[in-house]
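A.B. asks: Using my numbering, you'd call the opening residue of the sequence shown number 37 and step up by one each time.
Quick one: the structure is below, and I'll ask about it shortly.
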Amino acid sequence: MKKINTIVKVSNINKLKSYYVEALKDEEFKKYTDNIDLSDEVLMKYTSNIEDAIKEERNCKNCPSLKECPNTLKGHCLKAIKEGNGLNFSYVPCDKFIKEQNSYAYKKNITCFDLPKEISNANFNDLYRDDSKRVPIIKYFKEFIDTYTENKTGKGLYLSGSFGSGKTYLIAALFNELAKKDISSALVYYPELLRSLKSSFGSDYEEKFEFIKTVPLLLLDDIGAENTTAWSRDEVLGPILQYRMEEELPTFFTSNLTLKELESALSMTSNGIEKVKAKRIVERIKQLTVSLELISKNRRN
Ligand code: ADP
Ligand code: MG
């Protein structure tokens, strides 16, 4: 039995050796292995990994762009690294990858709950300016950026208007711009927040609620699109707004409803019509925000 094993081993070693000797005929392979400074006996165990590393390095020399990176792990190059008497292979990030990572570092300041990715990438410099209806909004943004970065105060915005006009995108762009100045914010799709809070009773409800209440800048997106219940109005929205008002934390809203329409939507629950409670909420929103409207063409495709 022992004998057979030994024969198999010897034949494997011969195979490795002949594969390695063959590879050495290639100038690039020879140069790469010369630089590693390990004996042929060690190197021959890694011929195919070394060939992969050479191929990746060649791809990097002819790099088309980070987006089109053909390597196994995008933005990384497989490299052979000598460790003691052996070789280790690891994927090393390239300069372009590192640069891109750094340019997105500000994103750690934004928490996004259930909004599409394209919205979280909204860029202040790409805002449509072809539409005169956006002028007052952009003017408000500029003033907000100035006062907030200076004194950490400023009124939020109640942005109402038609579906797809770009309301959410605009506020996400503002938050991204401020994130670059190291200011934290949360973009929250309000109807989904309610569902998620409801399902987290008994688990992380308090943490979620606390986070939304206290985050420096908050967007409650699409308020009015939810099914109002007494719980969502009086136990969720009310306390969030109350706290943010007392602490002067800028709070933003987008809605397809005007404030008047929102008041009416908030008054209707299964308890019947409760005008006073709805009015109290709207009063808080008015205290927290400047109200602007964006009625424009639907930009959704
Ligand atoms: P709303 O919140 O008013 O319903 P959105 O903000 O979701 O509208 O915008 C509608 C669509 O238009 C989205 O797909 C969004 O990504 C796109 N969009 C809006 N404004 C811009 C912009 N300035 N640049 C690129 N895309 C935009
Ligand atoms: Mg929206």
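We treat Cβ as the ideally placed atom computed from N, Cα and C, and that holds for glycine.
Owing to the predicted nature of the structure, the values given are computational and were not obtained by experimental measurement.
What is the chain-ordered set of residues for which the beta carbon lies under 6 angstroms from any non-hydrogen atom of the ligand ADP?
C.D. replies: My final list is 154, 155, 162, 163, 164, 199, 200, 201, 202, 203, 204, 205, 290, 335, 336.
A.B. asks: Is residue 327 helix, strand or coil by DSSP?
C.D. replies: Residue state, collapsed to three classes: strand.
A.B. asks: Let me check you understand the geometry: is the CB of residue 150 closer than 7 angstroms to at least one non-hydrogen atom of the ligand MG?
C.D. replies: For the ligand MG, not one heavy atom lies less than 7 angstroms from the Cβ of residue 150.
A.B. asks: What is the C-beta distance between residue 318 and residue 293, in whole angstroms, given that I count them as a contact (C-beta under 8 angstroms)?
C.D. replies: About 11 angstroms; that fails the 8 angstroms criterion.
A.B. asks: Hey, residue 95 and residue 158 are a contact pair by Cβ (cut 8 angstroms); roughly how many whole angstroms apart?
C.D. replies: No, residue 95 and residue 158 are not in contact; Cβ-Cβ is about 33 angstroms, not under 8 angstroms.
A.B. asks: Compare the Cα-Cα distances from residue 316 to each of 300, 308, 331 and report the closest residue.
C.D. replies: Here the closest residue by C-alpha is 300.
A.B. asks: When we look at the beta-carbon of residue 38 and count the other beta-carbons within 10 Å, is it buried (16 or more) or exposed?
C.D. replies: Here the model assigns residue 38 a pLDDT of 47, short of 50, so the residue's position is not dependable, and the following value carries that caveat. Residue 38 is exposed by the Cβ-count criterion.
A.B. asks: Which value, in whole angstroms, describes the spacing of the CA atoms of residue 330 and residue 307?
C.D. replies: Distance between the alpha carbons of residue 330 and residue 307: 33 angstroms.
A.B. asks: Pick out the complete beta strand (DSSP E) segments inside the stretch 228-282, 3 residues or longer, and give them in chain order.
C.D. replies: Correct list: 253-257.
A.B. asks: Do you know whose CA, among 61, 264, 79, 207, lies nearest residue 49's CA?
C.D. replies: Nearest C-alpha to residue 49: 79.
A.B. asks: Three or more beta-carbon pairs under 8 angstroms between the stretch 206-226 and the stretch 146-156, yes or no?
C.D. replies: The stretch 206-226 is in contact with the stretch 146-156.
A.B. asks: Which residue marks the beginning of the alpha helix (DSSP H) containing residue 184, and which one marks its end?
C.D. replies: Looking at the DSSP string, the run of the alpha helix (DSSP H) that includes residue 184 is 171-187.
A.B. asks: Give a yes or no on whether the C-beta atoms belonging to residue 254 and residue 285 are separated by under 8 angstroms.
C.D. replies: Yes, the pair counts as a contact, with Cβ atoms nearer than the cut-off.
A.B. asks: Just how far apart, CA to CA, sit residue 288 and residue 180?
C.D. replies: Computed Cα separation, rounded: 12 angstroms.
A.B. asks: Helix, strand or coil for residue 72 per DSSP?
C.D. replies: Note: residue 72 maps to coil in three-state DSSP.
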